[in-house]
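Just so you know, the sequence shown maps onto residues -15 to 165 in my numbering. Structure first, then comments.
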Amino acid sequence: MDEPIERASRGDREAMAEIVAEHYPAVYRFCARRIGPELGQDAAQETFLIAQKSLKRFDGRSKLSTWLFGIAHNVSRNLARKRRIEMTYEQAWHEDPHPPTPSPEGRGGVSESTLIDREALRKAMGKLTPEHREAVVLHELEELTYEEAASVLGVPVGTVKSRLFHAFAHLRRLLTAEATV
(Lines of atoms letter the chains of each structure in order from A and count residues from 1; the text may use other names and numbers.)
(Lines give C-alpha, C1' and ligand atoms only; values in the text may rest on other atoms or scores of the structure.)
Protein backbone atom coordinates (compact mmCIF):
# COMPACT_ATOMS: atom_id res chain seq x y z
CA MET A 1 0.00 0.00 0.00
CA ASP A 2 1.14 3.56 -0.71
CA GLU A 3 2.89 5.43 2.07
CA PRO A 4 0.39 8.38 2.19
CA ILE A 5 -2.49 5.90 2.34
CA GLU A 6 -0.90 4.04 5.25
CA ARG A 7 -0.14 7.27 7.09
CA ALA A 8 -3.63 8.66 6.46
CA SER A 9 -5.23 5.42 7.67
CA ARG A 10 -3.35 5.92 10.96
CA GLY A 11 -4.82 9.42 11.29
CA ASP A 12 -2.05 11.54 9.74
CA ARG A 13 -3.89 14.68 8.57
CA GLU A 14 -1.06 15.82 6.29
CA ALA A 15 -1.15 12.50 4.46
CA MET A 16 -4.93 12.80 4.05
CA ALA A 17 -4.45 16.34 2.75
CA GLU A 18 -2.01 14.96 0.14
CA ILE A 19 -4.58 12.39 -0.96
CA VAL A 20 -7.32 15.02 -1.19
CA ALA A 21 -5.06 17.42 -3.12
CA GLU A 22 -4.18 14.70 -5.63
CA HIS A 23 -7.65 13.23 -6.17
CA TYR A 24 -10.14 16.03 -5.44
CA PRO A 25 -10.20 17.53 -8.97
CA ALA A 26 -11.10 14.21 -10.64
CA VAL A 27 -13.64 13.27 -7.96
CA TYR A 28 -15.25 16.70 -8.18
CA ARG A 29 -15.47 16.54 -12.01
CA PHE A 30 -17.05 13.09 -11.75
CA CYS A 31 -19.66 14.31 -9.25
CA ALA A 32 -20.33 17.60 -11.08
CA ARG A 33 -21.00 15.75 -14.33
CA ARG A 34 -23.60 13.65 -12.56
CA ILE A 35 -25.39 16.18 -10.34
CA GLY A 36 -24.11 19.64 -11.28
CA PRO A 37 -21.31 21.81 -9.89
CA GLU A 38 -22.93 22.99 -6.67
CA LEU A 39 -24.03 19.58 -5.45
CA GLY A 40 -20.87 18.15 -7.01
CA GLN A 41 -18.84 20.09 -4.44
CA ASP A 42 -20.96 18.68 -1.63
CA ALA A 43 -20.64 15.16 -3.03
CA ALA A 44 -16.87 15.45 -3.45
CA GLN A 45 -16.45 16.69 0.12
CA GLU A 46 -18.69 13.92 1.44
CA THR A 47 -16.68 11.41 -0.58
CA PHE A 48 -13.47 12.41 1.17
CA LEU A 49 -15.11 12.44 4.60
CA ILE A 50 -16.30 8.88 4.03
CA ALA A 51 -12.92 7.90 2.61
CA GLN A 52 -11.11 9.29 5.65
CA LYS A 53 -13.33 7.27 7.99
CA SER A 54 -13.07 4.13 5.85
CA LEU A 55 -9.42 4.28 4.77
CA LYS A 56 -8.43 1.55 7.24
CA ARG A 57 -10.63 -0.84 5.24
CA PHE A 58 -9.03 0.07 1.88
CA ASP A 59 -7.10 -3.09 1.01
CA GLY A 60 -5.25 -1.90 -2.09
CA ARG A 61 -6.83 -4.44 -4.46
CA SER A 62 -7.85 -1.51 -6.67
CA LYS A 63 -6.29 1.87 -7.24
CA LEU A 64 -7.20 4.50 -4.67
CA SER A 65 -8.83 6.60 -7.40
CA THR A 66 -11.12 3.70 -8.35
CA TRP A 67 -12.13 3.24 -4.71
CA LEU A 68 -12.81 6.98 -4.41
CA PHE A 69 -14.91 7.00 -7.61
CA GLY A 70 -16.97 4.15 -6.15
CA ILE A 71 -17.66 6.20 -3.04
CA ALA A 72 -18.39 9.30 -5.18
CA HIS A 73 -20.78 7.27 -7.34
CA ASN A 74 -22.80 6.22 -4.29
CA VAL A 75 -22.69 9.65 -2.65
CA SER A 76 -23.82 11.37 -5.87
CA ARG A 77 -26.65 8.90 -6.36
CA ASN A 78 -27.81 9.32 -2.74
CA LEU A 79 -27.61 13.13 -2.88
CA ALA A 80 -29.58 13.16 -6.12
CA ARG A 81 -32.26 10.96 -4.57
CA LYS A 82 -32.37 12.96 -1.38
CA ARG A 83 -32.73 16.25 -3.22
CA ARG A 84 -34.87 14.71 -5.97
CA ILE A 85 -32.58 16.01 -8.66
CA GLU A 86 -33.81 15.61 -12.17
CA MET A 87 -30.82 17.26 -13.84
CA THR A 88 -30.04 15.99 -17.30
CA TYR A 89 -26.53 15.27 -18.42
CA GLU A 90 -26.72 18.21 -20.80
CA GLN A 91 -27.60 20.58 -17.94
CA ALA A 92 -24.74 19.28 -15.80
CA TRP A 93 -22.31 19.67 -18.70
CA HIS A 94 -23.52 23.22 -19.40
CA GLU A 95 -22.97 24.10 -15.76
CA ASP A 96 -19.37 22.87 -15.92
CA PRO A 97 -17.43 25.42 -13.86
CA HIS A 98 -14.46 25.32 -16.25
CA PRO A 99 -15.84 25.43 -19.82
CA PRO A 100 -13.37 26.08 -22.64
CA THR A 101 -13.07 29.62 -23.88
CA PRO A 102 -12.55 30.40 -27.54
CA SER A 103 -9.56 32.43 -28.59
CA PRO A 104 -10.46 35.43 -30.76
CA GLU A 105 -7.44 34.89 -33.02
CA GLY A 106 -7.61 31.11 -32.86
CA ARG A 107 -4.34 31.04 -30.87
CA GLY A 108 -3.91 29.31 -27.57
CA GLY A 109 -7.61 28.72 -27.02
CA VAL A 110 -10.35 26.52 -28.34
CA SER A 111 -11.30 27.02 -31.96
CA GLU A 112 -14.87 27.64 -33.02
CA SER A 113 -15.03 24.26 -34.80
CA THR A 114 -13.93 22.53 -31.58
CA LEU A 115 -16.73 24.29 -29.69
CA ILE A 116 -19.23 23.18 -32.30
CA ASP A 117 -17.97 19.60 -32.09
CA ARG A 118 -18.11 19.75 -28.31
CA GLU A 119 -21.66 21.06 -28.45
CA ALA A 120 -22.71 18.25 -30.80
CA LEU A 121 -21.05 15.73 -28.51
CA ARG A 122 -22.72 17.26 -25.45
CA LYS A 123 -26.13 16.93 -27.09
CA ALA A 124 -25.43 13.38 -28.23
CA MET A 125 -24.19 12.36 -24.76
CA GLY A 126 -27.40 13.78 -23.32
CA LYS A 127 -29.37 11.33 -25.45
CA LEU A 128 -27.59 8.26 -24.07
CA THR A 129 -29.10 6.23 -21.26
CA PRO A 130 -27.63 7.03 -17.83
CA GLU A 131 -25.92 3.61 -17.76
CA HIS A 132 -24.24 4.16 -21.12
CA ARG A 133 -23.29 7.73 -20.20
CA GLU A 134 -21.69 6.63 -16.92
CA ALA A 135 -19.63 3.98 -18.70
CA VAL A 136 -18.39 6.53 -21.26
CA VAL A 137 -17.57 9.14 -18.60
CA LEU A 138 -15.65 6.68 -16.43
CA HIS A 139 -13.76 4.95 -19.24
CA GLU A 140 -13.15 7.81 -21.67
CA LEU A 141 -13.14 10.99 -19.58
CA GLU A 142 -11.83 9.68 -16.26
CA GLU A 143 -9.63 7.12 -18.07
CA LEU A 144 -10.54 4.17 -15.87
CA THR A 145 -9.87 0.68 -17.18
CA TYR A 146 -12.79 -1.62 -17.92
CA GLU A 147 -12.12 -3.38 -14.62
CA GLU A 148 -12.00 -0.15 -12.66
CA ALA A 149 -15.20 1.18 -14.26
CA ALA A 150 -16.89 -2.15 -13.50
CA SER A 151 -15.80 -1.87 -9.87
CA VAL A 152 -17.14 1.67 -9.56
CA LEU A 153 -20.47 0.77 -11.17
CA GLY A 154 -20.80 -2.56 -9.40
CA VAL A 155 -21.30 -4.52 -12.63
CA PRO A 156 -19.29 -7.19 -14.47
CA VAL A 157 -16.52 -6.11 -16.86
CA GLY A 158 -18.50 -7.52 -19.79
CA THR A 159 -21.39 -5.21 -18.93
CA VAL A 160 -19.10 -2.18 -19.08
CA LYS A 161 -17.73 -3.31 -22.46
CA SER A 162 -21.25 -3.88 -23.76
CA ARG A 163 -22.44 -0.49 -22.53
CA LEU A 164 -19.47 1.21 -24.20
CA PHE A 165 -20.03 -0.65 -27.47
CA HIS A 166 -23.69 0.36 -27.59
CA ALA A 167 -22.96 3.91 -26.40
CA PHE A 168 -20.34 4.47 -29.11
CA ALA A 169 -22.60 3.00 -31.79
CA HIS A 170 -25.39 5.34 -30.68
CA LEU A 171 -23.03 8.33 -30.53
CA ARG A 172 -21.75 7.56 -34.05
CA ARG A 173 -25.33 7.48 -35.38
CA LEU A 174 -26.25 10.71 -33.61
CA LEU A 175 -23.10 12.59 -34.63
CA THR A 176 -23.29 11.37 -38.23
CA ALA A 177 -26.90 12.55 -38.42
CA GLU A 178 -25.87 15.89 -36.87
CA ALA A 179 -23.07 16.33 -39.43
CA THR A 180 -25.46 15.80 -42.35
CA VAL A 181 -27.94 18.40 -41.11
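Backbone N, C-alpha and C define an ideal beta-carbon position, used for all residues, glycine too.
C-alpha gap between residue i and residue j, whole angstroms
{"i": "Asp101", "j": "Gly142", "result": "30 Å"}
{"i": "His116", "j": "Arg147", "result": "5 Å"}
{"i": "Glu(-10)", "j": "Ala153", "result": "43 Å"}
{"i": "Leu158", "j": "Pro114", "result": "16 Å"}
{"i": "Leu128", "j": "Leu48", "result": "12 Å"}
{"i": "Lys107", "j": "Gly(-5)", "result": "45 Å"}
{"i": "Ala161", "j": "Glu22", "result": "34 Å"}
{"i": "Lys66", "j": "Ala28", "result": "16 Å"}
Burial state of residue i (16 or more Cβ within 10 Å)
{"i": "Leu137", "result": "buried"}
{"i": "Thr31", "result": "buried"}
{"i": "Glu131", "result": "exposed"}
Close-in-space but distant-in-sequence residues of the same chain around residue i (CB under 6 Å, 5 per side omitted)
{"i": "Val120", "result": "Ala151"}
{"i": "His216", "result": "There is no way to answer for residue 216, as the model of the chain reaches only from -15 to 165."}
Which of helix, strand or coil DSSP assigns to residue i
{"i": "Ser49", "result": "helix"}
{"i": "Pro(-12)", "result": "helix"}
{"i": "Phe42", "result": "coil"}
{"i": "Asp26", "result": "helix"}
Neighbourhood of residue i by C-beta distance below 7 Å, restricted to the same chain and skipping five residues each side
{"i": "Ser135", "result": "Ser46, Thr50, Gly54"}
{"i": "Pro(-12)", "result": "Ala(-1), Glu2, Ile3"}
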